[in-house]
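In what follows, a single structure is set out as structure tokens and then discussed.
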Amino acid sequence: MFVKEANLKVLVVIVLYNESLLESKTYNTLLCDSIDYDEIFIYDNSPVKQEVPSLSKKYQYIHYPDNPGLSKVYNEAANYAATKGIDWLLLLDQDTSFPKGAWSSYLQAVEKFPYIKMFTPRHIIKSGRFISPVPYIYRFACSKTFVPIGIASFKKFIPINSGMLVNVQAFIEVGGYNEAVTLDFSDTQFVERFTSKYKEFYILDCICSQDFSAETTNFTSLLNRFEIFCKCARNCQKNRLVDKIQYFLVVLKRTISLSVKCKKVVFLRYFFKYYL
Numbered sequence: 001m002f003v004k005e006a007n008l009k010v011l012v013v014i015v016l017y018n019e020s021l022l023e024s025k026t027y028n029t030l031l032c033d034s035i036d037y038d039e040i041f042i043y044d045n046s047p048v049k050q051e052v053p054s055l056s057k058k059y060q061y062i063h064y065p066d067n068p069g070l071s072k073v074y075n076e077a078a079n080y081a082a083t084k085g086i087d088w089l090l091l092l093d094q095d096t097s098f099p100k101g102a103w104s105s106y107l108q109a110v111e112k113f114p115y116i117k118m119f120t121p122r123h124i125i126k127s128g129r130f131i132s133p134v135p136y137i138y139r140f141a142c143s144k145t146f147v148p149i150g151i152a153s154f155k156k157f158i159p160i161n162s163g164m165l166v167n168v169q170a171f172i173e174v175g176g177y178n179e180a181v182t183l184d185f186s187d188t189q190f191v192e193r194f195t196s197k198y199k200e201f202y203i204l205d206c207i208c209s210q211d212f213s214a215e216t217t218n219f220t221s222l223l224n225r226f227e228i229f230c231k232c233a234r235n236c237q238k239n240r241l242v243d244k245i246q247y248f249l250v251v252l253k254r255t256i257s258l259s260v261k262c263k264k265v266v267f268l269r270y271f272f273k274y275y276l
């Protein structure tokens, strides 16, 4: 959708999977707030096409039953925005709950810091810990009990995808998302590209509640997500030997953790099959 407040031209994109637009937390807490938009882009990666209800504004619904993931649709949206002269891209998933007045935080920050090319909210999970933006140490995300607001260095904090407001020209300039990395690590891979040109971003005075896949206890869901996790890690760009070692350790740690949690050796088999 195009947002016209404060003279900003923003293309907002929401990605759905096996959930209707009107059921998604993101739509109900942000897109139904006070944002004045002209058009909404709905990317649906579900196997079965859904019926989109009549909305009060114009929208585009794009169905990808083969589920190409987040990176492809974010790149596609950015390229569209560039051809239309749209300045900003707001990236959303379906699982983020935004507080009231969240969009005002974006508008105020963009107006105050016009030289910053990326703005992101803070994300908290049920445990009360922040999962974004957080430090990454040897590619291990370190959840925090406190995340400051304001201008931050990518060397100290890395944000996740949902809620990221990024300048379209900067997005295109750094090469966009790595489409081989469909879900897990897609944000960190993009940030690595982004830092080749830009060293800082802005953390908004806005706290979102995030559904966290690692919190599920369903064995089938955990196994399916682990397969995706392994494939994404394998496809990450690794320019140095240290990168390969770090990704190996991250995936190995997840393998051991899930094996102990579920008391199953199948995760070890998946590690060899889908990562090595």
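The opening residue of the sequence shown carries number 1 in full-length UniProt numbering; numbering runs sequentially from there.
In this text, a Cβ means the ideal position worked out from N, Cα and C, and glycines have one as well.
Cut-off 8 Å between Cβ atoms - residues of its own chain near residue i, not counting five sequence neighbours on either side
i	result
ILE228	THR182, LEU183, ASP184
VAL134	ALA141, CYS142, SER143, LYS144, VAL147, PHE157, ILE158
GLU200	ILE116, ILE151, ALA152, SER153, PHE154
ILE131	HIS123, ILE124, ILE125, ALA141, SER143, ILE160, GLN210, PHE212
VAL191	PHE154, ILE158, PRO159
LEU8	ASP87, TRP88, LEU107, VAL110
Extent of the continuous beta strand (DSSP E) to which residue i belongs
i	result
ASN67	Careful: ASN67 lies outside any beta strand (DSSP E) and carries neither H nor E.
LEU22	Premise fails: LEU22 is in no beta strand (DSSP E) and is neither H nor E.
ARG139	That residue, ARG139, is in no beta strand (DSSP E); it is neither H nor E in DSSP.
LEU107	Segment 102-112 is the alpha helix (DSSP H) holding LEU107; no beta strand (DSSP E) there.
LEU91	88-92
Three-state class that DSSP yields for residue i in the structure shown
i	result
LEU8	coil
PHE154	coil
ASN167	strand
TYR275	helix
GLN60	strand
VAL73	helix
LEU55	coil
ILE256	helix
SER162	coil
VAL266	helix
THR145	coil
TYR80	helix
Neighbourhood of residue i by C-beta distance below 6 Å, restricted to the same chain and skipping five residues each side
i	result
PRO65	PRO47
ARG234	TYR275
MET164	LEU91, THR120
Residue i: first and last residue of the uninterrupted alpha helix (DSSP H) it sits in
i	result
ARG129	From DSSP, ARG129 is part of no alpha helix (DSSP H); its letter is neither H nor E.
Cβ-heavy atom distance, residue i to the ligand ADP, below 7 Å
i	result
LEU92	Among the ligands in the structure shown, none appear at all, so the ligand ADP cannot be discussed.
Of the listed residues the options, nearest to residue i (C-alpha basis)
i	options	result
PHE271	CYS262, GLU19, LYS263, ARG254	ARG254
ILE172	GLY85, PRO53, ARG269	GLY85
GLU76	ILE14, LYS112, GLY128	ILE14
CYS262	LYS72, PHE226, TRP88	PHE226
LYS112	CYS208, LYS25, ILE203, THR188	ILE203
SER20	THR83, ASP95, LEU11	ASP95
PHE98	CYS32, ARG269, ASN45, ARG129	CYS32
ASN28	PHE267, SER257, GLU51, LEU92	LEU92
ASN18	VAL10, LEU30, LYS9, ILE42	ILE42
VAL168	THR188, LEU258, PHE194, ILE149	PHE194
ASP205	GLN237, VAL250, ILE149	ILE149
VAL73	ARG240, LEU11, VAL260	LEU11
LYS25	LYS100, VAL250, THR220	LYS100
PHE248	LYS197, GLN189, ARG139, VAL166	ARG139
ASN239	GLN189, VAL265, TYR198	GLN189
PRO121	CYS230, VAL52, CYS232, CYS208	CYS208
VAL265	LEU223, VAL52, LEU241, VAL242	LEU223
Cβ neighbours of residue i in the same chain (closer than 7 Å, five flanking residues each side left out)
i	result
SER71	TYR177, ASN178, GLU179, VAL181, THR182, SER186
LYS273	none
(request) Run through the stretch 170-252 for me and flag every whole alpha helix (DSSP H) of 4 or more residues, listed as ranges in chain order. (result) 186-194, 219-235
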